[in-house]
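*Asks:* Numbering follows full-length UniProt numbering, in which position 103 of the sequence shown is assigned residue number 103; successive positions increment by one, without gaps. Think of the CB as a built atom: it goes at the ideal place given N, C-alpha and C, for glycine as much as any other residue. Keep in mind the model is a prediction, meaning the values are calculated, not measured.
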Amino acid sequence: MIQYSLQCSNGHRFDVWFKNAAAYDEQQASGLVSCAQCGDGMIEKAPMAPNVARTDQDRMPVSAHHPEAAKIREMLRAYRQKVLAEAENVGDRFAEEARKIHFEEAEARGIYGEATRDEVAELIEDGVDFLPLPDVGEDN
Numbered sequence: 001m002i003q004y005s006l007q008c009s010n011g012h013r014f015d016v017w018f019k020n021a022a023a024y025d026e027q028q029a030s031g032l033v034s035c036a037q038c039g040d041g042m043i044e045k046a047p048m049a050p051n052v053a054r055t056d057q058d059r060m061p062v063s064a065h066h067p068e069a070a071k072i073r074e075m076l077r078a079y080r081q082k083v084l085a086e087a088e089n090v091g092d093r094f095a096e097e098a099r100k101i102h103f104e105e106a107e108a109r110g111i112y113g114e115a116t117r118d119e120v121a122e123l124i125e126d127g128v129d130f131l132p133l134p135d136v137g138e139d140n
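1. Work out the CA separation of G31 and F14 for me, nearest whole Å.
2. Name the one or two DSSP bridge partners that I43 has.
3. Helix, strand or coil for E97, going by three-state DSSP, please let me know.
4. Please determine whether the Cβ atom of R93 lies at a distance below 7 Å from any heavy atom of the ligand NAD.
5. How big is the Cα-Cα spacing for G113 and R80?
6. Less than 8 Å separating the beta-carbons of I2 and A21?
7. So within the segment 66-98, which uninterrupted alpha helix (DSSP H) runs reach at least 4 residues, ignoring any that extend past its ends?
8. For the beta strand (DSSP E) that contains R13, what are its first and last residues?
9. What does the alpha-carbon distance come out to for the pair E26 and L6?
10. Please report the residue range of the alpha helix (DSSP H) in which R117 lies.
11. Could you pull out every residue in the same chain whose Cβ sits closer than 6 Å to the Cβ of I43, ignoring the five residues on either side in sequence?
12. Could you tell me if I111 is buried or exposed, where buried requires 16 or more neighbouring beta carbons within 10 angstroms of its beta carbon?
13. Below 6 Å CB to CB, which residues in the same chain sit around W17 once its five sequence neighbours on both sides are set aside?
14. Alpha carbons only, please: which of R117, I72, A69 and Y24 is nearest the one belonging to A95?
Okay, structure coming up:
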């Protein structure tokens, strides 16, 4: 099932459920879709916000007002700067390279790059040791 917000040429808005997007298209093309208030057949989809399901996995741990927050933030900045200065940027090949290093198929060295959520999950499952590279702005 899919819900569309519709609007007639007279400005009336209403929501309608359809079996799927194709069912809406078929009914619209056949002239079966009309305004619930005035009967107008000149109907268009109205802008609408998507309904996005959230899960606990969408949440992340956060903290605020720690007495040593400024000190910790500076340590994170220093860590990031050190990694960027001394490690190799492998870009989107991070998961592949980290796995090769872990299984001793490549030279042990410091690397950084990007990984998808799925790649991160697989690295954790494989026991590959890595850390997220913190992005701590100057005024955070």
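*Replies:* By the coordinates alone:
1. 17 Å
2. C8
3. helix
4. For the structure depicted, the ligand NAD is absent and the ligand set is empty, with no information on it obtainable.
5. 12 Å
6. Cβ distance < 8 Å, so I2 and A21 count as in contact.
7. 69-86
8. R13 to F18 is the extent of the beta strand (DSSP E) around R13.
9. 15 Å
10. R117 to E125
11. L6, C8 and V33
12. buried
13. M1 and Q3
14. Shortest Cα-Cα distance from A95 to any of R117, I72, A69 and Y24 involves R117.
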